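Student: Residue numbers (UniProt numbering): 1 to 623.
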Amino acid sequence: VRPKICQPVETAITSKVDNFGRWTATQYCAPHLAGIATTLAIAYVLYALIVLPLAASPLRAIPGPKAYAATRWRLAWDDYRGARTRVIHSLHKQHGSAVRIGPGEVSFSSLSALRTIYGAGSGFERTNFYRMFDVYGRQNLFTFAGAKKHGERKKVLAHAYAKSVVLADGSVAKPLIENNVRRFLELIEREKEATSKIFDSLHWFSLDSITGFLYGDQHGGTRALRGDRADRAMLDDIRDPARRKLTWFAFHLKLYTKWLYSQTGLLEKTINVLGLLPMSKPTTYTAIRAHALKSCVASEAETNETNVTVDKASFIMSKLWAYSKSEKEPRMDRLDIASEAADHFLAGIDTTSDTLMFAIWALSLPENRRCQERLIAEIDSMSPELFNQGTKALGSAVAAAEVADRLPYLNAVIKETLRLFAPIPGSEPRSMPVDTTIDGYRIPAGTVVSMSPYTLHRNEDVFPQTLEFRPERWLGELGDLVEMKKYFWAFSSGGRMCIGVHTCEQERQKGSSPAISSRFELFYDERFTQISAHALVVPLRIFVHQAKSRYHLRHSTDRDVYGETGSSGENTTSNSRRSGALEHKFYHAPLPHVVMNDKILHPSEDICYLVHRTGKTMKDIPP
């Protein structure tokens with residue numbers, strides 16, 4: 001007689017069945033127990049994935065779509081397709097200043113939340129998201145989670161980046177930037193490669209400026225503007241479209257990514273054949289990192305010979321080595337120093353060149369013609385004596401740093417460009433080790449909270465005509481200037497504010513004013529498909545062709561680089577031929593921003609071109 005289901009083993013009735021022995025309760029109930037276990041497992045998973053996040057979480061009171069609250073993979077998908085920042089912005093427009101965007105993640109957009117999360121002494125720390133930016137396996141100023149380590153490192157470097165030091169006559173930055181502006185101007189007028197690759201030439205300018213500031217000309221300063229091919233080749237790290245894919249995998253599928261790159265032999269070959277690797281190399285910016293490490297070693301020898309102190313050191317690398325030799329706490333070894341300098345290196349390449357590129361594009365639009373005319377008038381009103389070497393008429397002048405710093409409309413143009421096209425527009429995640437309250441909502445310990453410049457800068461209650469390029473708003477001519485300044489967040493705020501903001505400001509001011517407006521006028525070619533400034537956030541492809549005496553600069557996304565179909569390439573070729581182009585070339589140029597930054601959007605086309613204000617023809621300006 002078989003025992004009843006779940007009958008205790010002790011009372012199970014047994015009988016001879018066959019030669020294999022006796023029936024037992026355990027033998028009979030095993031299949032049923034397996035079914036029960038499977039059901040319980042499914043129930044637990046459903047509870048953990050749906051009931052707990054939606055009904056039992058302390059964050060359940062925060063508004064937002066249920067799909068985002070239930071799983072982090074909903075937002076990860078937006079991130080993968082390059083839409084995270086725009087999606088979060090749209091969620092804020094639907095649900096208000098606090099939106100739940102994950103089971104344990106909340107996005108805010110209020111001024112009070114900004115002060116609570118990012119204000120000095122707030123207690124909020126950077127999350128593990130930033131650890132992907134460690135260099136050589138060491139943390140640096142950008143990746144330190146807590147305020148203590150960050151503050152200790154910042155004390156060593158803050159003085160070198162202070163505005164008073166950057167503008168001082170004996171500073172490294174002032175003559176360095178002025179000389180590089182001159183080289184940039186000479187380059188775009190005399191070298192065919194520079195005019196056909198304006199994206200590259202802007203990045204060469206940034207590259208030479210940041211490396212000169214960090215390492216000095218003798219121990220790592222690059223010469224890209226002067227034609228050094230090896231230095232120019234470092235931009236290949238920036239162009240690689242797989243870089244963004246790797247950072248997505250490294251953050252969302254960390255263990256899987258490590259496993260992929262650790263395989264050898266047949267399995268490695270299979271992975272390569274199937275195309276499973278997000279990037280051929282397991283790290284980004286390999287050439288830039290190699291250059292940074294080499295420069296670190298080279299500068300160490302000089303520091304040992306000169307015995308320079310931290311206060312007397314001229315370059316950032318020299319300051320770091322001098323601090324290391326002083327044996328002060330916390331100690332820094334060679335890799336710590338190399339990591340710190342490499343982080344500044346990577347951060348300094350794009351911020352300036354991206355902003356200048358967007359400023360050129362925005363000023364070229366027909367609806368912004370008045371902005372360009374006003375900027376040109378301000379530049380033309382400057383006395384030639386205020387320029388260093390040469391005259392404006394000759395187009396060879398560079399305004400002194402302190403002069404460019406006092407041009408109100410120029411500064412307004414740059415600030416409006418940064419408002420619409422912040423260097424890092426996406427989320428800046430933080431977490432608190434203890435429970436806290438933000439805007440009336442209870443935030444449990446460990447919850448990821450974030451805000452983004454993209455959303456703050458598009459607050460329609462603060463910025464009238466928010467999607468329009470209106471530099472005059474920063475001169476008090478549109479909206480409440482005091483309130484707008486509170487919401488301006490292009491460089492973060494508090495103790496984690498961008499340390500290099502003043503150096504970048506000088507590069508932008510001197511590049512966009514005397515370097516462009518005193519020599520060129522910008523125009524938009526309406527024969528090409530117009531795009532919205534907010535549908536295309538970064539020019540990922542650059543196409544330049546020459547027609548008569550004009551330099552044409554075309555931006556479009558590289559959606560086809562990711563294997564997606566589009567007609568932008570065909571349209572470009574046909575339109576170029578109709579416009580009488582002498583030649584046409586394509587250059588892949590994705591910009592190096594982190595996974596969360598959402599700068600790859602829809603395939604579009606636009607044209608802006610520069611006409612030399614002196615009236616020179618192509619004979620005067622070699623193509």
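Heads up, the beta-carbon is just placed ideally off N, CA and C, and yes, glycines get one too.
Model, not experiment: these values are computed from the prediction.
On the three-pair Cβ rule with 8 Å, is the region 423-435 touching the region 469-484?
Tutor: Short answer: they don't touch.
Student: Can you tell me which of Ser206, Phe249 and Tyr323 puts its alpha carbon nearest to the alpha carbon of Thr257?
Tutor: Phe249
Student: If residue 624 sits next to Cys498, beta carbons under 8 Å apart, how far is it from one beta carbon to the other, in whole angstroms?
Tutor: Any property of residue 624 remains undetermined from this structure, which presents the chain solely from 1 to 623.
Student: Taking 6 Å as the limit between beta carbons, can you name the residues of its chain near Ser517, skipping five residues before and five after?
Tutor: Excluding sequence positions up to five before and after Ser517, its CB lies within less than 6 Å of the CB of Leu375, Ile376 and Ile379, all in the same chain and listed in chain order.
Student: Would Ser339 and Asn128 qualify as a contact pair, given that the criterion is a beta-carbon distance under 9 Å?
Tutor: no
Student: So what's Tyr136 in DSSP terms, helix, strand or just coil?
Tutor: coil
Student: Distance check for Arg369 and Glu186, CA to CA, integer angstroms please.
Tutor: 26 Å
Student: Nearest to Arg183 by CA position, among Leu346, Ile117, Arg223 and Ala98, is which residue?
Tutor: Arg223
Student: Please classify Glu189: does DSSP put it in a helix, a strand, or coil?
Tutor: Helix.
Student: Does DSSP put Leu522 in a helix, a strand or coil?
Tutor: Leu522: strand per DSSP, three-state reduction.
Student: Let me know the alpha helix (DSSP H) ranges lying completely inside the region 55-101, each 4 residues or longer, listed in chain order.
Tutor: 66-70, 73-80 and 84-95
Student: Can you find the residues in the same chain that come closer than 6 Å, C-beta to C-beta, to Arg470, ignoring five residues on each side of it along the sequence?
Tutor: Correct list, in chain order: Leu478.
Student: Could you say which of Tyr285, Ala287, Thr286 and Leu260 lies nearest to Pro278 if we only look at CA atoms?
Tutor: Leu260
Student: For the putative contact between Val156 and Val310, defined by C-beta atoms under 8 Å, what is the C-beta separation to the nearest angstrom?
Tutor: That pair is a contact at about 7 Å.
Student: Secondary structure at Phe205, three-state DSSP: helix, strand or coil?
Tutor: Taken through DSSP and simplified to helix, strand or coil, Phe205 comes out as helix.
Student: Report the residue from Ile414, Tyr285, Lys294 and Gln506 whose alpha carbon sits nearest the alpha carbon of Lys174.
Tutor: Taking each of Ile414, Tyr285, Lys294 and Gln506 in turn and checking the Cα distance to Lys174, the smallest one comes out for Gln506.
Student: Using three-state DSSP, classify Ile271 as helix, strand or coil.
Tutor: In this structure, DSSP gives Ile271 a helical state, which the three-state scheme calls helix.
Student: At what residue ranges does the region 462-520 contain a whole run of the alpha helix (DSSP H), taking only runs of 4 or more?
Tutor: 481-487 and 501-512
Student: Using the Cα positions of Gly216 and Val172, report the straight-line distance between them to the nearest angstrom.
Tutor: 9 Å
Student: Threshold first: 4 residues or longer. Then list the alpha helix (DSSP H) segments lying entirely within the region 107-166, N to C.
Tutor: Positions of the alpha helix (DSSP H) runs, each at least 4 residues long and wholly inside the region 107-166, are given as 111-118 and 147-161 in order along the chain.
Student: Rounded C-beta distance between Glu472 and Thr466? I'm assuming under 8 Å.
Tutor: 14 Å between Cβ atoms; not a contact.
Student: When burial is assigned at 16 or more other CB atoms within 10 Å of the CB, is Gly137 buried or exposed?
Tutor: exposed
Student: Quick one: is His92 buried, meaning 16 or more other Cβ sit within 10 Å of its Cβ, or exposed?
Tutor: buried
Student: Determine the extent of the alpha helix (DSSP H) in which Val297 is found, giving its start and end residues.
Tutor: Thr286 to Thr306
Student: Could you say if the region 345-358 and the region 443-458 meet the contact criterion of at least three C-beta pairs nearer than 8 Å?
Tutor: Segments in contact, no.
Student: Where does Glu373 fall in DSSP's three states?
Tutor: Three-state DSSP puts Glu373 in a helix.
Student: Note down, in chain order, each residue of its chain lying with its Cβ closer than 8 Å to the Cβ of Lys319, except the 5 sequence neighbours on either side.
Tutor: Val156, Leu157, Ala160, Val310 and Ala313
Student: Which residues bound the alpha helix (DSSP H) around Thr247?
Tutor: Ala242 to His252
Student: Would Gly221 and Gly212 be called neighbours here (beta carbons separated by less than 9 Å)?
Tutor: Result yes, Cβ atoms of Gly221 and Gly212 sit closer than 9 Å.
Student: Would you mind reading off the limits of the alpha helix (DSSP H) that contains Thr417?
Tutor: Pro408 to Leu420
Student: To the nearest angstrom, how far is it from the Cα of Gln94 to the Cα of Ser109?
Tutor: 12 Å
Student: Grouping DSSP H, G and I as helix and E and B as strand, with all else coil, what is Thr436?
Tutor: strand
Student: Nearest to Ser280 by alpha carbon, out of Ala301, Pro241 and Ile438?
Tutor: Pro241
Student: Based on Cα-Cα distance, which residue from Leu214, Gln218, Gly500 and Val181 lies nearest to Leu202?
Tutor: Val181
Student: Based on DSSP bridge pairs, tell me the residues matched to Glu105.
Tutor: In the DSSP output, where bridge partners are listed per residue, Glu105 has Gly102 and Val448.
Student: Span of the alpha helix (DSSP H) holding Tyr323?
Tutor: Ile316 to Lys325
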